[in-house]
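Below you'll find the structure, written out as structure tokens, and then a few comments.
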Amino acid sequence: MRDGTPRMPDDMADVVLVTGQVQEYSGNVHEELKLVLVPESGFTVRRRGTAYRAAPGQLIALHADDAHSGTPEDPGSAGWLIMCVSPGLIAEIVPPERLRFEDPVIPAGGLATRFQSLHHDLYEPASDPGATLRRESRMLEFVSALAWHSTGASSAAVGAAGAVAEIVRDYLRENLTRNVTLDELTDVTGVSKYRLVRLCTMHYGLPPHKLHMRLRLDHARELLRRGVGIAEAAYETGFHDQPHLTRMFAQAYGVTPAVYRSTYNGVVWSVPSVRGR
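FYI, in the working numbering the residues of the sequence shown are -17 to 259.
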């Protein structure tokens, strides 16, 4: 089993791979699409008050900006395969915000098999002629197949809720270092405080204040991947100081900013400049 150190394929900057011992985590939010496969153990994902169990070998797809926690049934010996796919790569196939999964456990067993094969392929160096073209093509074909299982905005009600929630998210992202109030969010969305909190929680699994914290932490991750110092990252994301960021970061991701920075250093996602609606 590999040691769990994140690895970026040498020919694909929009993908990060992890192979290692499965771990429990809580309240994770990320901008990228996260795919998880635990071949030897069941795995339960909790999101928006609902638990979803993946049987051993079932693929889990966790879309961006949706808080979730994960618990393995066999944390002592089971391993997992993780693939994080940037919004920029997804945008080659479908607008990233449309790639959503009401049930994160993908029922199609063929996709899990394809994922495992693709993960293994991308983990190895692209050494032979034509390898990069093959790997890029396989990656895009896999995301396209995954998109067929996405629920997307399947109803007008879900679409309306998503539109309000996205306005909230975008405003919070633009004001990471400020104490944003519900009055402000009501002004920018045009809906009542109660409805705003309900729609945000329904869409992202978090009320606005917790979503704001997770967005700040997610931006801190981006800065750390770029090699920014921990103290500067804390300042740029509105934390009181470096120890404050370290405490919140470790609670959220199970590792300190220093460990995260050393393993992910140099990994910068490609984010599309225009998002489809």
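Every residue gets a Cβ at the ideal spot worked out from N, C-alpha and C, and that includes glycine.
Residue from the options whose Cα sits closest to the Cα of residue i
{"i": "LEU205", "options": "ARG229, TYR242, ALA234 and LEU100", "result": "TYR242"}
{"i": "GLY199", "options": "TYR186, LEU181 and ARG229", "result": "Looking at the sequence shown, residue 199 is not Gly but Leu. Of the candidates TYR186, LEU181 and ARG229, the one whose C-alpha sits nearest the C-alpha of LEU199 is ARG229."}
{"i": "PHE124", "options": "VAL76, ASP169 and GLU106", "result": "VAL76"}
{"i": "VAL(-3)", "options": "ILE42, GLY209 and ILE64", "result": "ILE64"}
{"i": "LEU71", "options": "VAL210, HIS222 and LEU122", "result": "LEU122"}
{"i": "PRO38", "options": "LYS16, PRO(-9), GLU55 and GLU84", "result": "GLU55"}
{"i": "GLN40", "options": "THR53, MET(-6), VAL146 and VAL18", "result": "VAL18"}
{"i": "HIS131", "options": "LEU164, ARG28, GLU84 and ARG177", "result": "GLU84"}
{"i": "LYS175", "options": "GLY187, HIS191 and ARG160", "result": "HIS191"}
{"i": "ALA49", "options": "PRO86, GLY211, ALA36 and GLU156", "result": "PRO86"}
{"i": "CYS66", "options": "ALA113, GLU13 and ARG28", "result": "GLU13"}
{"i": "LEU164", "options": "HIS101, HIS185 and PRO189", "result": "PRO189"}
{"i": "LEU100", "options": "ARG82, ALA127 and PRO78", "result": "ALA127"}
{"i": "ARG264", "options": "LEU178, HIS201, ARG35 and THR238", "result": "The displayed coordinates of the chain run from -17 to 259. Any statement about residue 264 would go beyond what the structure contains."}
{"i": "PRO21", "options": "PHE97, PHE231, ASP47 and ARG30", "result": "PHE97"}
{"i": "ARG30", "options": "ARG207, ALA113, PRO225 and THR183", "result": "THR183"}
{"i": "ALA232", "options": "GLY187, GLY211 and ARG203", "result": "ARG203"}
Exposure label - residue i; buried when at least 16 CB within 10 Å
{"i": "ASN10", "result": "buried"}
{"i": "THR1", "result": "buried"}
{"i": "GLU74", "result": "exposed"}
{"i": "ALA240", "result": "exposed"}
{"i": "ARG196", "result": "buried"}
{"i": "SER68", "result": "buried"}
{"i": "ASP280", "result": "The structure shown has nothing for residue 280, since the chain only spans -17 to 259."}
{"i": "LEU115", "result": "exposed"}
{"i": "ALA33", "result": "exposed"}
{"i": "HIS185", "result": "buried"}
{"i": "HIS194", "result": "buried"}
{"i": "PRO78", "result": "buried"}
{"i": "GLY187", "result": "buried"}
Same chain, Cβ closer than 6 Å to residue i, neighbours up to 5 away in sequence not counted
{"i": "THR245", "result": "THR(-13) and PRO(-12)"}
{"i": "MET(-6)", "result": "none"}
{"i": "PHE221", "result": "LEU227"}
{"i": "TYR7", "result": "GLY52 and GLY236"}
{"i": "LYS16", "result": "LEU44 and CYS66"}
{"i": "PHE25", "result": "ALA36 and PRO54"}
{"i": "THR159", "result": "GLY220"}
Opposing strand residues paired with residue i [DSSP bridges]
{"i": "LYS16", "result": "LEU44 and CYS66"}
{"i": "ARG(-11)", "result": "LEU(-1)"}
{"i": "ARG29", "result": "THR32"}
{"i": "TYR7", "result": "GLY52"}
{"i": "GLY260", "result": "The requested residue 260 does not occur in the structure, where the chain is confined to residues -17 to 259."}
{"i": "VAL87", "result": "ILE42"}
Own chain partners of residue i with C-beta closer than 8 Å, once the 5 adjacent residues on each side are dropped
{"i": "PRO(-9)", "result": "VAL(-3), LEU(-1), LEU104, TYR105, ALA108 and ARG117"}
{"i": "VAL173", "result": "VAL146 and LEU181"}
{"i": "ALA138", "result": "Residue placement at ALA138 is flagged as unreliable, the pLDDT there being 45, under the threshold of 50; the coordinate-derived value follows with that caveat. If we look at ALA138 and ignore the five residues flanking it on each side, it has no Cβ neighbours."}
{"i": "ALA94", "result": "LEU19, GLY39, GLN40, LEU41 and ILE88"}
{"i": "GLY91", "result": "GLY39 and GLN40"}
{"i": "ASP223", "result": "ALA213 and ALA216"}
{"i": "LEU178", "result": "VAL146, VAL150, LEU164, LEU167, THR168, THR171 and PRO190"}
{"i": "VAL162", "result": "TYR153, LEU154, PRO190 and HIS194"}
{"i": "PRO225", "result": "none"}
{"i": "ARG28", "result": "TYR34, HIS50, SER51, GLY52 and THR53"}
Nonlocal neighbours in the same chain, by C-beta distance under 7 Å from residue i, ignoring five residues either side
{"i": "PRO23", "result": "The identity of residue 23 in the sequence shown is Ser, whereas the question assumes Pro. Cβ neighbours of SER23 beyond the five flanking positions: VAL4, PRO38, PRO54, GLU55, ASP56 and ALA60."}
{"i": "VAL170", "result": "ILE149 and TYR153"}
{"i": "LEU81", "result": "LEU15, HIS45, ILE72, ALA129 and SER132"}
{"i": "ARG120", "result": "LEU100 and ASP103"}
{"i": "GLU218", "result": "LEU205"}
Which complete beta strand (DSSP E) runs does the region 222 to 246 hold, if anything under 3 residues is left out? none
Where are the alpha helix (DSSP H) runs, 4 residues long or more, that stay fully inside the region 149 to 210, in chain order? 164 to 171, 175 to 186 and 190 to 207
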